[in-house]
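**Q** Okay, here's the structure, questions in a sec.
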Amino acid sequence: MAGPTDNVFLPISIFVLNIALAIFKFILASAITACFAIYAKYGGEHSNSVGWIRSAGYIEMIKTFPSTLMRRNLAGSTKWALVVAFLATLSASLLDKGIVKFVTPAFKAGPPTFKVINSPQFSPNASQQMFVGWSFFVPNDDDVVGTMKKALNSSIAVSNLDKGRIHEPLTTGYNVTCTDFSIVLQHHVIRNGTGCPAVRLVFSTIEHPALLTMTERSPNRWSLTMASKPARRSYNILDFPMVLHFDSKDPKGEDTALCFHVEDYRTRSPIDVTNDITAFPRTSTTKCFHNNGNITALAITTARFTQSSDTYNYTCVSTIFADKSDDLLLGMKEAINTTALPMDSQPQNGTSTAWIELRVNNSSIDVYICGSSVLLDGDAVPTKFECVYSTISVLHFTQQLDNQLLLALEGRKFKGDIPAATTYMTLDHSTKIIGNKKAAPISIEKMRIDTMDVTQYMAELGYNYYADFDSGKLYIKYKISNLNLGLEVPIWVLVVATIILLISLVIWQATEWLVGEPHTCSLYSTIHAQLASRSNHPIPRLMRFRFQPLMLEDVPLFPDSVECLSEIETKSLPGPLEHSPEEAKDLPNQADRLS
């Protein structure tokens with residue numbers, strides 16, 4: 040669609056544009072003719088001939104060039120006038136073609152209407168509630184919010200959209216209620232916030248996690264080590280999804296889950312994959328509507344990779360991530376290589392150690408975890424590190440509820456705090472493939488920005504995007520517009536064309552008024568004007584013409600003895616309509632025949 044500063048949208052068709060260009064071309068040609076009429080009045084004896092030859096067309100002008108340009112006794116201004124006549128006529132005929140090159144078909148939304156569309160959805164009977172078909176692919180370097188908008192506009196995901204109309208999910212402003220969240224890792228409090236619920240990060244299959252060390256490197260920045268034994272047979276404590284709880288304290292002091300989300304990690308890392316990415320960045324997002332009227336929107340983006348050694352290899356990590364100076368990456372290198380674990384906490388059979396780098400920035404949380412492999416039931420497992428880099432964004436806010444949405448729910452209320460994990464949408468991010476089938480390094484900064492953008496967009500959608508997993512319906516409020524087809528024209532092209540048109544109109548009309556006939560007329564009209572006094576038809580009309588002798592309406596234009604005009608010098612030709620004495624005697628009779 041047209042940009043707000045570069046282009047303008049015209050609600051017209053190509054056919055109408057061609058008519059407008061034809062009128063533009065006609066006025067421009069008339070202005071050029073007017074310019075040569077002015078020249079004809081003040082340019083000397085040959086000046087009228089320039090305009091008349093121009094009106095005969097390109098071929099006539101080209102044929103006249105050699106005799107005109109090589110003629111020595113002809114004024115230089117007359118020669119240049121013929122050249123200018125040719126170029127001006129050619130430019131006028133091509134100018135409309137040049138304008139068309141800048142015109143592109145476009146569309147624009149008409150006046151909008153607002154409508155809540157509820158579409159039937161299917162959610163498998165699982166602990167993680169998510170509608171089928173709401174996983175989407177984000178091409179490399181594409182706008183993640185743009186992908187979400189396309190998903191919400193998809194007739195595949197939302198089956199009952201109005202065909203042929205523009206559907207734009209309605210966004211609404213919101214008021215953030217708090218940003219100072221408490222941070223809990225497993226069951227260990229890392230940071231105490233004020234006035235906000237806690238964000239709890241959990242690996243649900245870890246048994247009895249032991250916090251070995253915790254170092255506060257700076258405000259809102261920590262390094263930790265943790266040892267644990269997986270609750271089920273697994274090669275690594277990170278070999279399962281990360282769970283996010285958004286908790287608060289009830290009056291009894293117990294944790295109450297306000298929002299519950301599980302990272303969408305579906306495939307366990309293959310044993311033989313080492314020193315490489317095992318899961319490209321994936322963003323999953325959800326939204327929770329609380330009983331007290333608040334809303335929580337959160338998103339998590341996670342990338343996973345492995346290393347083949349039990350010694351942390353920063354060189355390997357630096358090839359996987361593009362942000363080599365990220366303080367979590369550097370902190371992990373220092374922590375693993377310098378942190379001395381207590382002797383009684385050294386990894387034993389079936390246990391594993393995890394090194395954790397944590398950073399909090401307002402409502403954004405970055406977690407970088409690397410875990411060593413374990414021995415299960417005495418079986419040897421290939422030694423390697425598994426690492427996961429996650430960036431989390433949380434918004435806790437209030438928003439005004441639209442009555443139209445309440446009517447669409449038909450008396451049902453927005454479901455409040457629920458114990459089940461929910462996911463509204465997942466987004467898989469691609470990356471470029473470089474030499475030797477290797478993926479380009481992952482940008483941590485882009486992961487962070489994309490995650491915050493997803494959370495912010497989910498918050499802007501607010502009540503307008505609500506998944507009722509119990510009834511199997513998805514409610515989305517759209518701004519719906521008709522699609523108006525038209526043309527997109529750069530503003531500067533429109534301005535220049537308008538200026539040319541106005542100048543051409545002024546020149547054309549001023550010349551008709553100030554210069555007048557015979558200079559504004561063609562040679563044909565000039566001759567007709569001479570004959571009009573002899574007939575009853577003063578208005579220009581078609582006249583009978585003969586070559587031998589050269590006659591118009593039976594009136595000879597030249598003496599009968601002149602049969603080949605090319606043999607006569609121009610300066611010796613008699614004036615037009617001059618006749619011999621014998622022909623002059625017969626003119627009254629010819630006039631009678633004309634009448």
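Take any residue in the sequence shown, count from 1 to its spot, add 39: that is its number in the working numbering.
Each residue gets a CB set at the ideal place from its N, CA and C atoms; glycine is no exception.
Going by the beta-carbon positions, is the gap between ILE339 and SER429 smaller than 7 Å?
**A** Within the sequence shown, numbered from 1, the residue matching residue 339 stands at position 300. Within the sequence shown, numbered from 1, the residue matching residue 429 stands at position 390. Their beta carbons are under 7 Å apart, which means ILE339 touches SER429 by this criterion.
**Q** Secondary structure at ASP492, three-state DSSP: helix, strand or coil?
**A** Locating residue 492 in the sequence shown gives position 453, counting from the first residue. Of the three classes helix, strand and coil, the one that applies to ASP492 here is helix, per DSSP.
**Q** Can you tell me whether DSSP reads ARG239 as helix, strand or coil?
**A** By one-based count along the sequence shown, residue 239 stands at place 200. If DSSP states are grouped into helix, strand and coil, ARG239 belongs with the strands.
**Q** So the beta strand (DSSP E) GLN346 belongs to, where does it begin and stop?
**A** Translated into positions along the sequence shown, residue 346 becomes position 307. Its beta strand (DSSP E) spans residues 334-346.
**Q** Output needed for ASN401: all residues of its chain with C-beta closer than 7 Å, excluding positions within five of it in sequence on either side, in chain order.
**A** The residue labelled residue 401 in the question sits at position 362 within the sequence shown. Closer than 7 Å at Cβ, skipping near neighbours: THR218.
**Q** Quick one: give me the first and last residue of the alpha helix (DSSP H) that THR377 is part of.
**A** Here residue 377 refers to the residue found at position 338 of the sequence shown. That run of the alpha helix (DSSP H) goes 366-377.
**Q** Considering only C-alpha positions, which residue in the set LYS477, LEU596, MET371, ALA498 is nearest to TYR463?
**A** Taking the first residue of the sequence shown as 1, we reach residue 463 at position 424. The shortest C-alpha separation from TYR463 is found at ALA498.
**Q** Looking at the secondary structure, which residues open and close the beta strand (DSSP E) in which GLY525 lies?
**A** In the sequence shown, the residue the question calls residue 525 occupies position 486. That run of the beta strand (DSSP E) goes 512-529.
**Q** For PRO208, which of helix, strand or coil comes out of DSSP?
**A** Mapped onto the sequence shown, residue 208 falls at position 169. Residue state, collapsed to three classes: strand.
**Q** Are there 16 or more other CB atoms within 10 angstroms of the CB of PRO236, so buried, or fewer, so exposed?
**A** Here residue 236 refers to the residue found at position 197 when the sequence shown is read from its first residue. By the neighbour-count rule (16 or more Cβ atoms within 10 Å), PRO236 is buried.
**Q** How would you write the range of the alpha helix (DSSP H) that ILE655 sits in, first residue to last?
**A** This structure leaves residue 655 out entirely; the chain is present only between 40 and 634.
**Q** With DSSP collapsed to three states, give me the class of GLY410.
**A** In the sequence shown, residue 410 corresponds to position 371, counting from 1. If DSSP states are grouped into helix, strand and coil, GLY410 belongs with the strands.
**Q** On a Cα-Cα basis, can you pick out the residue from LEU200, THR252, LYS202, ASP135 that is closest to LEU224?
**A** In the sequence shown, counting from the first residue as 1, residue 224 sits at position 185. When only C-alpha atoms are compared, the closest one is THR252.
**Q** For VAL554, does the three-state DSSP call read helix, strand or coil?
**A** One-based indexing of the sequence shown puts residue 554 at position 515. In the structure shown, VAL554 sits in coil (DSSP, three-state: anything other than H, G, I, E or B).
**Q** Tell me HIS435's beta-bridge partners as DSSP assigns them.
**A** As a position in the sequence shown, residue 435 is number 396, starting the count at 1. CYS217, THR335.
**Q** Hey, could you find the ends of the alpha helix (DSSP H) ALA61 is sitting in?
**A** Numbered from its first residue, the sequence shown carries residue 61 at position 22. 53-81 is the extent of the alpha helix (DSSP H) around ALA61.
**Q** Keeping to the same chain, check which residues put their C-beta closer than 7 Å to that of LEU200; ignore five residues upstream and five downstream.
**A** Residue 200 sits at position 161 when you count from the first residue of the sequence shown. These residues qualify, in order along the chain: ILE156, SER194, HIS206.
**Q** Closest Cβ-Cβ distance between GLN569 and chain C: below 7 Å?
**A** Protein chain content of the structure displayed is limited to a single chain, and chain C is not contained in it.
**Q** The beta strand (DSSP E) with LEU200 in it runs from where to where?
**A** Your numbering for residue 200 matches position 161 in the sequence shown. Segment: none, LEU200 is in no beta strand (DSSP E) and carries neither H nor E.
**Q** Three or more C-beta pairs closer than 8 Å, one from the stretch 64-82 and one from the stretch 137-156: is that the case here?
**A** The stretch 64-82 vs the stretch 137-156: no contact.
**Q** Counting Cβ pairs closer than 8 Å, one from the stretch 539-548 and one from the stretch 61-69, do we hit at least three?
**A** Touching, yes, given that three or more Cβ pairs across the two stretches are closer than 8 Å.
**Q** Tell me which residues share the same chain as PHE141 and place their Cβ nearer than 8 Å to its Cβ, disregarding the 5 neighbours each side in the sequence.
**A** Here the question's residue 141 lines up with position 102 in the sequence shown. Around PHE141: VAL528, PRO529, VAL532.
**Q** If you follow the alpha helix (DSSP H) that MET187 is in, where does it begin and where does it stop?
**A** By one-based count along the sequence shown, residue 187 stands at place 148. Taken as a continuous stretch (DSSP letters only), the alpha helix (DSSP H) holding MET187 covers 183-191.
**Q** Could you check whether the stretch 206-216 touches the stretch 484-500, counting it as contact only if at least three pairs of C-beta atoms, one from each stretch, sit closer than 8 Å?
**A** Counting Cβ pairs under 8 Å, three or more are found: they touch.
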